[in-house]
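Protein chains in written order, with our numbering: chain A, 1 to 671; chain B, 1001 to 1074.
Beta carbons are placed, not taken as given, at the ideal position from N, Cα and C, and that holds for glycine.
Please read all numbers here as calculations on a predicted model, not as lab measurements.
Beneath this line is the structure, given in structure tokens, with notes to follow.
Spelled out as structure tokens, the structure:
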């Protein structure tokens, strides 16, 4: 059908344009015309439409680049302890095909005395002295030498597909020897070899039968903070954590020197005259981070202890300075162990910073934000009395209060102390959907904190217009919202620091090798979320949770600690219901509460414990307490609850201080 | 002629002094570089040996004291 149509069309065109009498001449003209058309199209295609593509192809074939990467800078903690550094190492190679007497060479490499003694006798020199000079490179095993001999050469496949055999085999990589010592030792060893074997070094194509290449390996001397610091691969490229981020930011890596030249058919790059100019390799900058290596270690140790005990999916713990947003310690169990694990696919999960990447439904830890919003809006005060019925029906769902079937009257602060869902719903209803949404956003939920750790999740907070009434109710006690542990820490910081949201940060400064600060990463200005007065009220309310409420096991004798528990039952996607056997337990709090210096959030996901243990009070609170205690001891913080004094006569007195900080006018409070 | 010879000698003398100084400087620079590297090496080793476990072990008594012990005398 189409063929017939085309034939007819061609016939018509041909009949229309035939200028000559002779058919053959007309056919020739038509053919020529068609050829000119094809030629013009091809010409335009090569030069105009696909021009760049062809130019790129040619330059790829004939031009090459040599990248010289520099030594990476160090990552140090806030005390100056080295968390990550580049250590110069030497990688030794040999050229097996160039070695005439392999057995002799092997014996010399292994440091066999007989051969050296033979040489020394001949040269009449002190043998002990010679051996001591060469001995630093007696680091090779016989098996390693045999393996290298067996391999003979390195096979390299060029881009063009050609296979090259290069007389070069790695003998041992990453040997920590001083370069100067290694140079002298290798030179002396070769001298002995050439003398004993009778070979002429000048006649050799490659006289360096043994040599080394200076390389850098990334080491983690303090061996803590893997979920923050991350790791680099063998080539020094950051794979995760700050190693990855700082490399991408171009801070940790020195300037990459790129030398361009022409490439031959084998893919070898020949540099032009310009490239022979002096090339200096600049070391990358050192970065000081806000993490305290010792506190981080304490965190890792404590969290590991509970991780092995309860086998949860993860345990996150973040310690923050609420005034500056500096993260002092952040851990996510299970984590990568610098002393045991190797970077690779199997360790990917261990290197995930779940405190920023894994959002979850937080539960009741969200109630203080509802109360703070209501107080800040002037709708209630901390002492306002709220009627909380035993049950509250919203749509087809029934919510129960915490008083086992009793209708009660509570003060606002008691709603938080007893973690009453009905009370929290009532406060949220007083606020209204939009106001609650605005406050949640202002506290940083539903958006990334902007911390310099890769893979941060914004969590989830739907637009208030999409909230159904029941969702709105559950949002008051931390359901239908997903938050990360760090978001909670930042939000609690705003709650207790005077009401200003400060962006969490982990980078402190760029410092030189002498420790001088070259650049400081400024603390973000912050935005006011609640008034200073509301923040002060919230500090007292949160303290009451620990004094008499769900956070009681965290009560310390010398310090006021404040916080809120959150036991969130997890949603089972398979059944479409909430599964009571799977919880995420959270405790978010601050200390010392009269002037908070630390905000600590602990979240434990799906602990495998008996049913009666499935409460944040029993899971997250003990971890919080242990961590808080250790931090207060380590930092030598003066107590804000008791004052210890020794008078002139040597009498020891203990005075209670800040007693009026506690709230005592509760309606449900035990007298 | 004499002046020219004297000048040449002077120039050669100055140049040789310069070369010597340059050699000295480059030697010093490489020495500094080596010392820096050594310093870094030692630093790494120091922190490898110090390790937070050591700090933690040394402060174990603090752990047993708990926060309610009298460690806070002002």
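Is any beta-carbon of chain A found at less than 8 Å from that of residue 1040/B?
-> Residue-level contact check: residue 1040/B touches chain A, since one or more beta carbons of chain A fall below 8 Å from its beta carbon.
Which word fits residue 15/A, buried or exposed, when buried means at least 16 other C-beta atoms lie within 10 angstroms of its C-beta?
-> Exposed, because fewer than 16 other Cβ atoms sit within 10 Å of the Cβ of residue 15/A.
Just the C-alpha distance for residue 735/A and residue 394/A, rounded to the nearest angstrom, thanks.
-> The structure shown does not extend to residue 735/A, since chain A is modelled only from 1 through 671, so no value can be given for it.
Between 205/A, 81/A, 412/A, 119/A, which lies nearest to residue 224/A when the distance is taken from Cα to Cα?
-> If we check each option's Cα against that of residue 224/A, 81/A comes out closest.
Excluding sequence positions up to five away, which residues of its chain have a Cβ less than 8 Å from the Cβ of residue 502/A?
-> Excluding residues within five positions, the ones whose Cβ falls inside 8 Å are 322, 323, 324, 325, 490, 493, 494, 523, 524, 526.
Can you check DSSP and say which residues form a bridge with residue 288/A?
-> Partner(s): 76/A, 509/A.
Whose CA, out of 549/A, 144/A, 188/A, 479/A, lies closest to the CA of residue 569/A?
-> Selection 549/A, 144/A, 188/A, 479/A evaluated against residue 569/A yields 479/A as nearest (Cα-Cα).
Buried/exposed call for residue 216/A, threshold 16 Cβ in 10 Å | By the 10 Å Cβ count, residue 216/A comes out buried.
Bounding residues of the alpha helix (DSSP H) (the contiguous stretch that carries residue 304/A) = According to the DSSP assignment, residue 304/A belongs to the alpha helix (DSSP H) that extends over 293 to 310.
Only counting runs of 3 or more residues, tell me where the beta strand (DSSP E) segments fall wholly within the stretch 111 to 188 of chain A, in order along the chain.
-> Counting only runs of 3 or more residues that sit fully inside the stretch 111 to 188 of chain A, the beta strand (DSSP E) segments are 154 to 157, 163 to 166, 169 to 175, in chain order.
Residues of the stretch 1027 to 1059 of chain B with a CB closer than 9 Å to any CB of chain A: list them in chain order, please.
-> Taking 9 Å as the cut-off between beta carbons, the residues of the stretch 1027 to 1059 of chain B near chain A are 1034, 1036, 1037, 1038, 1039, 1040, 1041, 1043, 1044, 1045, 1046, 1047, 1048, 1049, 1050, 1051, 1052, 1053, 1055, 1056, 1059, in sequence order.
How long is the line joining the alpha carbons of residue 184/A and residue 354/A, rounded to whole angstroms?
-> Cα to Cα, the separation comes out at about 49 Å.
Under 8 Å between beta-carbons, which chain B residues line up against residue 205/A? List them in chain order, please.
-> Chain order gives no chain B residues near residue 205/A, where near means a beta carbon separation below 8 Å; the closest approach is about 31 Å.
Collapsed DSSP secondary structure at residue 538/A in the structure displayed = Here residue 538/A sits in helix by DSSP.
Express the C-alpha separation of residue 349/A and residue 305/A in angstroms, rounding to a whole number.
-> Between residue 305/A and residue 349/A, the C-alpha separation is close to 19 Å.
Element boundaries [beta strand (DSSP E), containing residue 88/A] | Looking at the DSSP string, the run of the beta strand (DSSP E) that includes residue 88/A is 82 to 94.
Listing by chain order, which chain B residues have their CB less than 9 Å from the CB of residue 85/A?
-> The contacting residues are 1040, 1043, 1044, 1047.
Alpha carbon of residue 165/A to alpha carbon of residue 152/A, nearest angstrom = Computed Cα separation, rounded: 9 Å.
State the start and end residues of the unbroken beta strand (DSSP E) segment that holds residue 410/A.
-> Note, residue 410/A: beta strand (DSSP E), 408 to 411.
Under 8 Å (Cβ pairs) to chain C, residues found in the stretch 219 to 252 of chain A | The structure shown contains no chain C; the protein chains it does contain are A and B.
Is there a Cβ from chain B that is less than 8 Å from the Cβ of residue 341/A?
-> Any Cβ of chain B closer than 8 Å to the Cβ of residue 341/A would place that residue at the interface, and such an atom is absent.
Residue-chain proximity (residue 88/A, chain B), Cβ-Cβ < 8 Å | Residue-level contact check: residue 88/A touches chain B, since one or more beta carbons of chain B fall below 8 Å from its beta carbon.
In terms of residue numbering, what span does the alpha helix (DSSP H) encompassing residue 383/A cover?
-> DSSP places residue 383/A outside any alpha helix (DSSP H), giving it a letter other than H or E.
List the residues of chain B whose Cβ lies closer than 8 Å to the Cβ of residue 294/A, in chain order.
-> Here the neighbours are 1052, 1055, 1056.
Can you find a heavy atom of the ligand ADP that lies under 7 Å from the Cβ of residue 392/A?
-> The ligand content of the structure shown is nil, which means the ligand ADP is not present either.
Looking only at C-alpha atoms, which of 110/A, 174/A, 311/A, 179/A sits nearest to residue 146/A?
-> If we check each option's Cα against that of residue 146/A, 110/A comes out closest.
Note down the Cα distance separating residue 175/A from residue 219/A, rounded to an integer number of angstroms.
-> The alpha-carbon separation between residue 175/A and residue 219/A amounts to approximately 13 Å.
Identify which residue in 381/A, 365/A, 341/A, 551/A has its Cα closest to the Cα of residue 476/A.
-> Its Cα nearest to that of residue 476/A, the residue 365/A stands out among 381/A, 365/A, 341/A, 551/A.
Would residue 675/A count as contacting chain B if we go by Cβ distances under 8 Å?
-> Chain A is shown only over 1 to 671; residue 675/A falls outside these bounds and no answer can be derived.
Cβ shell of residue 424/A (< 7 Å), same chain only, five flanking positions each side left out | 367, 370, 415, 476, 477.
Check the DSSP bridge columns for residue 578/A and list the partner residues they point to.
-> Under DSSP, residue 578/A takes part in a beta bridge, and its partners are 571/A.
In or out: residue 36/A buried (at least 16 other Cβ within 10 Å) or exposed?
-> Counting Cβ neighbours within 10 Å, residue 36/A comes out exposed, since fewer than 16 surround it.
Within the chosen definition, does the stretch 186 to 197 of chain A reach the stretch 100 to 107 of chain A through at least 3 CB pairs nearer than 8 Å?
-> A contact exists between the stretch 186 to 197 of chain A and the stretch 100 to 107 of chain A.
Confirm, please, whether the CB-CB distance from residue 484/A to residue 359/A is below 8 Å.
-> Judged by their CB atoms, residue 359/A and residue 484/A are nearer to each other than the 8 Å cut-off.
Under 7 Å Cβ-Cβ, which residues of chain B neighbour residue 81/A?
-> Going along chain B in sequence order, the residues near residue 81/A (Cβ under 7 Å) are 1047.
Contacting positions in the stretch 295 to 310 of chain A - beta carbon closer than 8 Å to chain B = The stretch 295 to 310 of chain A vs chain B, Cβ under 8 Å: 296, 297, 298, 301.
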